[in-house]
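S.K.:
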Amino acid sequence: MKVGGGVVCGGSRGAAMLLGHSRAGLRCSASSPTPDHLTFIKDVAAAQPPEHLGQLVRMLQTSGESILSPGAKQGLIPLAIPLAKKSTGAVTALLRWPTAPPGMEMPVVEVRKHGVWLLAKDVDLFIHRLLIEEDAKNCPESNDELFRASADAGEKLYQRGDYAKSQISNLDVYLLKKVVGLFPDVLERKIMRHFEEGDHVSALVTGEFYTKKEHFPGFARPFVFNAEVLLRVGRNVEAKDAARGALKSPWWTLGCKYQEVAEIAQWEDEQIEYIKEKVTEEGKEEDLKKGKPPVQVALDEAAFLLDLSSVEGNWDESVERISECYKEAGLPEVARFVLYRD
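Under the numbering used here, think of the first position of the sequence shown as 68, with each following residue one higher.
1. If you run the structure through DSSP and keep just helix, strand and coil, what is V300?
2. In its own chain, which residues sit with a C-beta less than 8 Å from the C-beta of G274, not counting the 5 before and 5 after it?
3. Between V175 and F193, is the Cβ-Cβ spacing less than 8 Å?
4. With a cut-off of 8 Å on the beta carbons, I'd call Y407 and G138 a contact; round off their distance for me.
5. I need the straight-line Cα distance from A402 to I342, nearest angstrom please.
6. So, helix, strand or coil for W318, using DSSP?
7. With H, G and I counted as helix, E and B as strand and the rest as coil, what does DSSP make of A220?
8. Measure the alpha-carbon distance for G440 versus V268 and round it to whole angstroms.
9. Can you give me the Cβ contacts of A457 inside the same chain, cut-off strictly under 7 Å, excluding the 5 residues immediately before and after it?
10. In terms of residues, what are the limits of the beta strand (DSSP E) holding G121?
11. Going along the chain, which residues of its own chain have a beta-carbon closer than 6 Å to the beta-carbon of H88, five neighbours each way excluded?
12. Verify whether the separation of the beta carbon atoms of V42 and L372 is less than 8 Å.
13. Considering only the alpha carbon of each residue, which of D202, Q141, G248, E344 lies closest to V190?
14. Which residues mark the beginning and the end of the alpha helix (DSSP H) in which G274 is found?
15. When the Cα atoms are used, what is the spatial distance from H195 to D211?
16. Output yes or no for whether 8 Å exceeds the beta carbon distance between A147 and L127.
17. Under 8 Å, do Y225 and L198 count as touching if we go by C-beta distance?
18. Tell me, please, which residues DSSP counts as bridged to K152.
19. Identify whether E281 lies in helix, strand or coil by the three-state DSSP scheme.
20. Cα separation between S385 and L213?
21. According to DSSP, simplified to helix, strand and coil, what is V175?
22. Can you tell me whether DSSP reads I291 as helix, strand or coil?
23. Evaluate D367 with the Cβ neighbour count: other Cβ atoms within 10 Å of its Cβ, from every protein chain shown; 16 or more gives buried, anything less gives exposed.
24. Can you check which of these residues, R125, V111, A369, is closest to K140 by C-alpha distance?
25. Does A396 have its Cβ less than 8 Å from a Cβ in chain C?
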């Protein structure tokens, strides 16, 4: 089964009734966003809220993002717990895996049409980065506001002025050297700088480093980018293999359209047709006859349906069936969470 694959998407009019919560009780307000998000994660998502979630939400609001209700999931990948929306329309959210990979219990993501982009492996790491980036601007007025919003989390995670004291002029270099964690966009920019400098060997080495399973478990994006790196230096066979490896992870973690990766993998529609066959009654019956446990068949079906939804970025059509899959797999909390909408 794909890591974190069994998930659901879409909306249900009966979801709030199933959960036993009134919509009003969970609606978020801009003046006091924290309790609603904490309550939602505990009672609806059936998960442990990150320790400094409240500080992060206030920081996002201070940065000009509009706070969203955690149940405002219409049109979004159903595993997302919305936090805030930028003026560009991009939504910052937490990802609630059905079964989380190690070290990725509730990562911070940006929700995109075809899936999610990983911003940070956890809330603390994201807060740490936001504070460093704000400090690097050297703008005292806005600096004060964001640091005040971070409160005790900021004091714990970053000492103001450390960026200037380091005498490292490149922010990406500082993030890689000084922050306990890695960020996909920072690594990708590092690789592109190697290409700009004509250092293809370092680009290849960093691309391979990006794919190490302990760095971003459950995410396909590192393998996609590594495939692009290999293609750029003419290693087409290796690029094809890397792209096919990426498609073994959830397609909603590719960081781009499925078709872009399938082209490098030299697949047309056969993989999509294969998955469509697997979610038919005949396909599921065949897996059961081969000895696959019913729980695994249900989880696989949920994963396959989510993959298919990501191809067109249409998350709502399969939600009811995916929810049923989670119920069949013995994960009723996940089934209820993916159905919930304000």
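All residues carry an ideal CB built from backbone N, CA and C; glycine is no exception.
None of the values given here were measured: they were computed from a predicted structure.
M.R.: Walking through what the data contain:
1. coil
2. I258, F292, N293, V296, L297
3. yes
4. 6 Å
5. 21 Å
6. helix
7. helix
8. Examination of residue 440 is not possible in this model, given that the chain is present from 68 through 409 alone.
9. Nothing can be reported for residue 457: it is not among the residues displayed for the chain, which extend from 68 to 409.
10. Note, G121: premise wrong, no beta strand (DSSP E); alpha helix (DSSP H) at 120-129.
11. For H88, the predicted structure reports a pLDDT of 34, less than 50, and the residue's modelled location is therefore unreliable. A value from the coordinates is still provided. Cβ neighbours of H88 beyond the five flanking positions: none.
12. In the structure displayed, the chain extends from 68 to 409; residue 42 sits before or after that span and is not available.
13. G248
14. 267-277
15. 15 Å
16. no
17. yes
18. S133, V158
19. coil
20. 40 Å
21. strand
22. Position check: residue 291 holds Val in this sequence, whereas Ile was assumed. In this structure, V291 counts as helix in the three-state DSSP scheme.
23. buried
24. V111
25. Reference to chain C is not applicable here, since this structure consists of a single protein chain.
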